[in-house]
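Printed below as a string of structure tokens:
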């Protein structure tokens, strides 16, 4: 079982709509949780970084939430744009190691 | 300033050959990470450097894989006697300080090297 699981695996939405991506993790304790956006053929780009004590972090139309009690995080995308089409990756940093643990990502496609 | 660069962008090699992948981190970044991304899979941690030292090599898939970093800057990932299962995109990332553990520094990724072993 992966330590960081994401859902859904893929998602199709229409331009202008909102969507929410989920991340469940078992890593504990952890120091921070990150969300990355990865366009096809490119390296991931950081969207948000939350420490274990933070509940929410926004970056433009992207808002990440964190519930450390239930070990869940979500990434909410508001008013989606065609350029939001990408894979979104949840990453957890265990407290006692510098290895980052990556989820397998959610593939989002935004259609006009 | 320049971001993380990797070379080559694409590499096709025959099974059994050795390959060397290069990563140029952002100037001044002390931490450097190597990851592997197989088709349809998540990123797999391989190794990280703090300065020139690699405290944790347990992510390297086999002893055919090795990495070094010199001068606190450029890093090379070497795969000896390549196998078809080594085919993947190899990504390098750097951060000002360590991005994991007690730190939360931002990681900046390079574009990756796509390795195909035939």
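Protein chains in written order, with this note's numbering: chain A, 770 to 881; chain B, 155 to 272. We put the CB at the ideal spot given by N, CA and C, even for glycine. What you are looking at is a predicted structure, and each value in this text was computed from that prediction instead of being measured.
Handout entry: Spatial neighbours of residue 166 (chain B) in its chain, beta-carbon cut-off 6 angstroms, leaving aside the 5 residues before and after
Key = Within the second chain, numbered from 1, the residue matching residue 166 (chain B) stands at position 12. Apart from sequence neighbours up to five positions away, the residues of its chain that approach residue 166 (chain B) with a beta-carbon distance below 6 angstroms are 270, ordered along the chain.
Handout entry: Interface residues of the stretch 807 to 841 of chain A facing chain B [CB-CB below 9 angstroms]
Key = For the stretch 807 to 841 of chain A, which is checked against every Cβ of chain B, the residues closer than 9 angstroms are 807, 810, 811, 812, 813, 814, 815, 818, 819 and 820.
Exercise for the section: For residue 840 (chain A), I'd like the list of residues in its chain whose CB is within less than 6 angstroms of its CB, leaving aside the five on either flank, ordered along the chain. Expected result: Your numbering for residue 840 (chain A) matches position 71 in the first chain. Close CB contacts of residue 840 (chain A) within its chain, under the 6 angstroms cut and outside five residues either way in sequence, are with 794 (chain order).
Handout entry: Minimum C-alpha distance to residue 184 (chain B) - residue among B:266, B:169, B:162 and B:224
Key = Residue numbering aside, residue 184 (chain B) sits at position 30 when the second chain is read from its first letter. The residue among B:266, B:169, B:162 and B:224 with its C-alpha nearest the C-alpha of residue 184 (chain B) is B:224.
Practice task
Could you please tell me which residues of the stretch 207 to 230 of chain B, in chain order, have their CB closer than 9 angstroms to any CB of chain C?
Solution key: The question asks about chain C, but that chain is absent: this structure's protein chains are A and B.
Practice task
Could you tell me if residue 838 (chain A) is buried or exposed, where buried requires 16 or more neighbouring beta carbons within 10 angstroms of its beta carbon?
Solution key: Taking the first residue of the first chain as 1, we reach residue 838 (chain A) at position 69. When all chains shown are included, residue 838 (chain A) counts as exposed.
Exercise for the section: Helix, strand or coil for residue 274 (chain B), going by three-state DSSP, please let me know. Expected result: Because chain B is modelled from 155 through 272, residue 274 (chain B) falls outside the range shown and cannot be assessed.
Exercise for the section: Could you check what DSSP says for residue 217 (chain B) in three-state terms: helix, strand or coil? Expected result: What you label residue 217 (chain B) is simply residue 63 of the second chain in a count that begins at 1. In the structure shown, residue 217 (chain B) sits in coil (DSSP, three-state: anything other than H, G, I, E or B).
Practice task
Using three-state DSSP, classify residue 251 (chain B) as helix, strand or coil.
Solution key: For this step, residue 251 (chain B) is matched to residue 97 along the second chain. Residue 251 (chain B) sits in coil when the DSSP states are folded into three classes, being neither helix nor strand.
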